[in-house]
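Scroll down for the structure; my scribbles are underneath it.
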Amino acid sequence: MNVGPEAPVSAFPRISPFEHQFQQHRVEKDGLWKFRSSNQGKRHFFSMEALFGRYRRPGSTVLGNNDSVSYLHMMEDELILATDEEYYDQFNDNTGLNFFDRTTYDVVPNMNAPGARIRWGWLNDDDSGIELTGWWIAQADSVWSADIRSTHKSNPANQAVFDILLSPPDYIFTPIPGYTVQDIGAILQEELKNLASLPLDDGTIDGVSVPYDIDFRIKTISQSWGTNLTWLSTPFVDKKNLKIRGLAGARYMQVREGFSFYGRDSGLVYAEGTTVAATQPDLKVVSLPTGTDENQDGIIDNTGFSEDESSGNTSTTTTVFFLGVNDPVTSYVNNTVDTHLAGPEIGFQFDLGGDKFKIWGQTKFGIMANRSKIKLNGDNIGMITR
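One point on numbering: in this note's numbering, the residue at position 280 of the sequence shown is 280, and numbering is uninterrupted.
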């Protein structure tokens, strides 16, 4: 029997009470018991990602009032009187022939934009954690011009003279040295175009459709950014190469959208014959948009009359009368919407793979409060030739 003093207490015990801070016991299939312990603490993560975004385009809604009469049917009687029934029927029976047709929003090209996302957070020993994300998609601008679909193209050589004809105080009646009345008429036949119309509710039964023969453009703008804070639960499916966990958190988003319409019209009515042009308000006669020069006068799809397809190889000249019912008009509408969205969200995340290679994804559902601020301004939206 050994008698003596006990061994001194070590300041650094062999078994530390601080080891194995996390312990997990569970019974799995067939009664197998598993035990996992860890003391590695929080595992932080950080990533920067490049994004490719595509904003949703406007739908197929008509630009303007969908219930208003088209320009073709609004001018049916005048067109038949100025030309003939066959001319009207060629437009009416073939929807592919544009005659100051209305347009829809979906003509705007796709709005693609680059972006970036930053993720930061941590995972605990039990694989629960916190994730903070911020993302940003750059502004996307998309413009559509009715000139794209026009078979009637401008002649750059006419631009200087055409600008004078659109300038105050005398506009098309401005005398230009070296140019005769016939020269001015030929320039107008080549530069005024069969572009598009804006259908409006002007208080009448059928409404009106406003034609534009110089410029017709629509533009859309979109930009967005946001952030979200997410709590990640301990995985409820925890396999060797698969983990599924619940998510809960909150999200904030800001979306800025803009729409603008820009149109220019000469304020002129025109037809073949001074009596017809003077007595038929709102009348703008154009050639069938075939993209060919039927009368071989050097102008494709003349404005002011219908080219004679029966003229064969013979060049013909037609007298067109341009009457200034109104000064040239610029119409525009600008609309911007600044939207703030915020609310809670829940979902799940899956991790497929191991430590060296992993594919993960998230699916979330949420309810968001919406606060929007709308700004709208415009000018000269109405029947131009009245």
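No residue lacks a Cβ here, since even glycine has one placed at the ideal position from N, Cα and C. What you are looking at is a predicted structure, and each value in this text was computed from that prediction instead of being measured.
Residue from F45, N377, D101, L81 whose Cα sits closest to the Cα of P199: Locating residue 199 in the sequence shown gives position 199, counting from the first residue. Checked all of F45, N377, D101, L81; the closest Cα to P199 is D101.
Separation of V329 from A113, as counted between CA atoms: Mapped onto the sequence shown, residue 113 falls at position 113. Mapped onto the sequence shown, residue 329 falls at position 329. Taking the straight line from one Cα to the other gives about 34 angstroms.
Rounded straight-line distance, which links the Cα of S372 to that of D93: Numbered from its first residue, the sequence shown carries residue 93 at position 93. Numbered from its first residue, the sequence shown carries residue 372 at position 372. Straight-line Cα distance between these residues: approximately 44 angstroms.
Own chain, CB closer than 6 angstroms to T339, minus 5 neighbours either side, in chain order: Along the sequence shown, one-based indexing puts residue 339 at 339. Excluding residues within five positions, the ones whose Cβ falls inside 6 angstroms are V255, S372.
D206 to D77 span [Cα, whole Å]: In the sequence shown, counting from the first residue as 1, residue 206 sits at position 206. In the sequence shown, counting from the first residue as 1, residue 77 sits at position 77. Roughly 15 angstroms separates the two Cα atoms.
Which residues DSSP lists as bridging G178, in chain order: Here residue 178 refers to the residue found at position 178 of the sequence shown. G178 pairs with nothing; no bridge assigned.
Residues near I389 by beta carbon distance below 7 angstroms, same chain, minus five either side: Because the chain spans 1 through 386 in this model, residue 389 falls outside it and cannot be assessed.
Extent of the continuous alpha helix (DSSP H) run through Y389: This structure cannot settle anything about residue 389, because the visible part of the chain is limited to 1 through 386.
Contact with chain B by H44, beta-carbon distance below 8 angstroms: No chain B appears in this structure, which consists of one protein chain only.
L192, enclosing beta strand (DSSP E) - first and last residue: Reading the sequence shown from its first residue, position 192 is the one you call residue 192. First-last for L192: undefined, no H or E at that position.
G134 to S306 span [Cα, whole Å]: The count along the sequence shown starts at 1 and reaches residue 134 at position 134. The count along the sequence shown starts at 1 and reaches residue 306 at position 306. In a straight line, the C-alpha of G134 is about 59 angstroms away from that of S306.
Own chain partners of E49 with C-beta closer than 6 angstroms, once the 5 adjacent residues on each side are dropped: On the sequence shown, residue 49 is found 49 positions in, with the first residue counted as 1. Cβ-Cβ distances below 6 angstroms link E49 to R117 in the same chain, with the five nearest sequence neighbours on each side left out; the list follows chain order.
Residues sharing a beta bridge with R371, DSSP: As a first step, residue 371 is located in the sequence shown; it is residue number 371 there, counting from the start. In DSSP, R371 forms a bridge with H340.
Under the three-state DSSP convention, the category E76 falls into: Here the question's residue 76 lines up with position 76 in the sequence shown. Helix.
Own chain partners of D388 with C-beta closer than 6 angstroms, once the 5 adjacent residues on each side are dropped: Since the first residue shown for the chain is 1 and the last is 386, residue 388 is missing from the structure and cannot be characterised.
Rounded straight-line distance, which links the Cα of E85 to that of L97: In the sequence shown, counting from the first residue as 1, residue 97 sits at position 97. In the sequence shown, counting from the first residue as 1, residue 85 sits at position 85. Rounded to the nearest angstrom, the two C-alpha atoms are 16 angstroms apart.
Between the CA atoms of D106 and Q189 - distance to the nearest angstrom: Translated into the one-based positions of the sequence shown, residue 189 becomes position 189. Translated into the one-based positions of the sequence shown, residue 106 becomes position 106. Spanning the two alpha carbons is a distance of roughly 30 angstroms.
Rounded separation between D351 and G53 - CA only: Numbered from its first residue, the sequence shown carries residue 351 at position 351. Numbered from its first residue, the sequence shown carries residue 53 at position 53. If I take the Cα positions, the gap works out to 24 angstroms.
According to DSSP, residues forming a beta bridge with M48: In the sequence shown, residue 48 corresponds to position 48, counting from 1. M48 pairs with I118.
Option nearest N380 by Cα separation, candidates N155, K240, Y262: Working through the sequence shown from its first residue, we reach residue 380 at position 380. Answer by Cα proximity: Y262.
Residue span of the alpha helix (DSSP H) that contains L323, given as start and end: If you number the sequence shown from 1, residue 323 lands on position 323. From DSSP, L323 is part of no alpha helix (DSSP H) but of the beta strand (DSSP E) over 321-324.
Whole-angstrom C-beta distance between A342 and Y252, which should lie under 8 angstroms: As a working mapping, residue 252 is identified with position 252 in the sequence shown. As a working mapping, residue 342 is identified with position 342 in the sequence shown. Going by Cβ atoms, the distance from Y252 to A342 rounds to 5 angstroms, so yes, they are a contact pair.
Alpha carbon of V237 to alpha carbon of K358, nearest angstrom: Along the sequence shown, read from residue 1 onward, the residue named residue 237 stands at position 237. Along the sequence shown, read from residue 1 onward, the residue named residue 358 stands at position 358. A direct Cα-Cα distance of roughly 16 angstroms separates V237 from K358.
Rounded separation between T103 and K284 - CA only: Along the sequence shown, read from residue 1 onward, the residue named residue 103 stands at position 103. Along the sequence shown, read from residue 1 onward, the residue named residue 284 stands at position 284. Counting only the Cα atoms, K284 lies some 18 angstroms from T103.
Per DSSP, the bridge partner or partners of T330: For the purposes of this step, residue 330 is identified with residue 330 of the sequence shown, where counting begins at 1. Paired residues: R264.
C-beta contact flag for M111 and T220 at 8 angstroms: For the purposes of this step, residue 111 is taken as the residue at position 111 of the sequence shown. For the purposes of this step, residue 220 is taken as the residue at position 220 of the sequence shown. Yes. Within cutoff.
Cβ separation of F365 and R245, assumed to be a contact under 8 angstroms, to the nearest whole Å: Residue mapping note: residue 365 aligns to position 365 of the sequence shown, counting from 1. Residue mapping note: residue 245 aligns to position 245 of the sequence shown, counting from 1. About 15 angstroms separates the two Cβ atoms, so there is no contact after all.
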